[in-house]
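In our numbering, the protein residues as written are 1365 to 1655.
Heads up, the beta-carbon is just placed ideally off N, CA and C, and yes, glycines get one too.
Quick caveat, the model's predicted, so the values are computed rather than measured.
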Amino acid sequence: MKPASFDYHAPPTLAEAVELMARLHEEGVDAKILAGGQSLMPMLAMRVARPEVLVDLGKIKSLDYIREESGAIAIGAMTSKRAAEASALIERQQPLFHAATKLVGHRQIRNRGSVGGSFAHADPASEYPAVALVLDIVFKAVGPEGERTIPAGDFFVTYMTTSLESTEVLTEVRLPVLPAGTGWAIQEFARRNGDLALAGVATTLKLAAGVCADVRLAAFGVNATAVRLTGAEEFLRGKRPDRAVLAQAAAMAANDLDEPMSCVHASADYRRHLIRVLAERCLLEAAARAI
Ligand SMILES: Cc1cc2nc3c(=O)[nH]c(=O)nc-3n(C[C@H](O)[C@H](O)[C@H](O)COP(=O)(O)OP(=O)(O)OC[C@H]3O[C@@H](n4cnc5c(N)ncnc54)[C@H](O)[C@@H]3O)c2cc1C
C-alpha cells in the first residue's frame, strides 16, 4: 500500500521545527515528527497513521551527536543507532546500551533509525525502554514552553505512548555511565534474527562484599510498556548470587508479571515462561560480569 497524501516540511533548525509544530497544533492540523522513518513510514504505508503533515528532523544537524558530559553520555535524538553501535565511548562506558543497540532490527534499520525515534515510538517489544528503566536514562525535550527533562520512570505511559506532548521534540537521551564493577546483561527471544522480541529482559547487578547490593531487572515484549521486576530485585538484595538464588529470583520475576500479552506468535503463558528463562540467563551473565 501507499501512504495517504501529506504535506512535508524539513526545517533546518530545532527552533523552527518547534515553532512549526506549535503553529500546526494551534491550527488543528494533525502533524507528526519524522525521524529515521523506520517505524513511521511502514505505519503510513499501512495507513495505521494518516497525519496531514510530516515535520522531518533530518536536516537538524545539532541533534546528531554523542558526547561525554559530566559523568553521563549525551546522545542527540537524531543520532543513528548505527552511530551508537559504532561508538567506542558507548561500548566502553555503557555496554548494556551498546548491546541493546546491536539487537535492534537489522543493520539497514540501524543506519536509518534514530536513537530518539526508538524511545519516542515506545514499542513495548523494543529493547530501549527496558534499558531506560534499568539505567535511569533521562530524556530532554523542547516544546513551545521551552526545555524540560523527563526521567525514564515518567516517560513511558502505555502502548506506544510517551509523556511527550504532541508539540514537543525529543532532543537528547542521557545515559549514566555504568559504574565500574557493575555486571549487566540483555537477553531476548525473537522468531527471526532482527525481529522485534516476543519477550526480553535487561539487567544490571552490583555486588558489595560478595552479595547483591543493587539489582535492576526489566522485562520487555510482555506488557503495554517495559516493566521493572521489583519483587525479584528486592528478593536478591543482600543475597549471594548463586545459581539457585538467581533461579528463584527469575521465577519470582515471571510470577509477578501482570497478565502478559497474547498473540498468534506467543501466548501469555509462553511469554511468562520466556521471562523466567531469560531472567535467569541474564542474572547469571550479569553476576559473572560483576566484580
Ligand atoms: C523490520 C524491522 C525490524 C525492527 N526491529 C526492531 C527491533 O528489534 N527493536 C526495536 O527497538 N525496533 C525495531 N524496529 C523499529 C526501528 O528501530 C525504528 O527505527 C524505531 O522504532 C524508530 O526510529 P526512527 O528514527 O526510524 O523513527 P520514526 O519511524 O521516524 O518515528 C517513530 C515515531 O517516533 C516519533 N518521533 C521520532 N523522533 C522523534 C523526536 N525526536 N521527538 C518526538 N517524536 C519523535 C515519530 O513521530 C513517530 O511517531 C524495527 C523496524 C523494522 C522495519
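Whole angstroms is fine: what's the gap from residue i's alpha carbon to residue j's?
i: leucine 1408; j: glutamate 1416; result: 11 Å
i: leucine 1642; j: methionine 1442; result: 31 Å
i: alanine 1464; j: arginine 1636; result: 21 Å
i: leucine 1610; j: glutamate 1644; result: 6 Å
i: threonine 1526; j: histidine 1470; result: 25 Å
i: glutamate 1529; j: valine 1393; result: 15 Å
i: tyrosine 1429; j: alanine 1450; result: 13 Å
i: glutamine 1402; j: lysine 1423; result: 17 Å
i: alanine 1652; j: glutamate 1432; result: 27 Å
i: arginine 1604; j: methionine 1405; result: 48 Å
i: aspartate 1633; j: isoleucine 1550; result: 21 Å
i: arginine 1580; j: valine 1541; result: 15 Å
Going by DSSP, what residue range makes up the beta strand (DSSP E) through residue i?
i: arginine 1471; result: Counting along the chain, arginine 1471 falls outside any beta strand (DSSP E), though it belongs to the alpha helix (DSSP H) covering 1471-1476.
i: phenylalanine 1520; result: 1520-1522
i: threonine 1535; result: 1533-1540
i: glycine 1595; result: Not the beta strand (DSSP E): glycine 1595 falls in the alpha helix (DSSP H), residues 1594-1600.
Determine the burial state of residue i: buried for a count of at least 16 other Cβ atoms within 10 Å of its Cβ, exposed for fewer.
i: threonine 1513; result: exposed
i: threonine 1377; result: exposed
i: glutamine 1458; result: buried
i: methionine 1385; result: buried
i: arginine 1456; result: exposed
i: glutamate 1536; result: buried
i: cysteine 1646; result: buried
Residues in its own chain within less than 6 Å of residue i by CB, not counting five upstream and five downstream?
i: lysine 1570; result: Thr1546, Ala1577 and Asp1578
i: alanine 1496; result: Ala1516
i: glycine 1477; result: Gly1400, Gln1402 and Lys1445
Please go through the same chain and pick out, in chain order, the residues whose beta-carbon is closer than 7 Å to the beta-carbon of residue i, but skip the five residues on each side of it.
i: valine 1382; result: Val1506, Gly1507, Pro1508 and Val1533
i: alanine 1615; result: Arg1640
Could you check where the alpha helix (DSSP H) with residue i kicks off and where it finishes?
i: arginine 1414; result: Segment: none, arginine 1414 is in no alpha helix (DSSP H) and carries neither H nor E.
i: leucine 1661; result: Since the first and last residues shown for the chain are 1365 and 1655, residue 1661 lies out of range.
i: valine 1468; result: Per DSSP, valine 1468 belongs to no alpha helix (DSSP H) and is neither H nor E.
For chain B, is any of its Cβ atoms less than 8 Å away from the one on residue i?
i: glycine 1574; result: In summary, chain B is missing from the structure at hand, where a single protein chain is found.
Leaving out five residues before and five after residue i in sequence, what residues of the same chain have Cβ atoms less than 8 Å from its Cβ?
i: glutamine 1612; result: Phe1599
i: aspartate 1518; result: Ser1527
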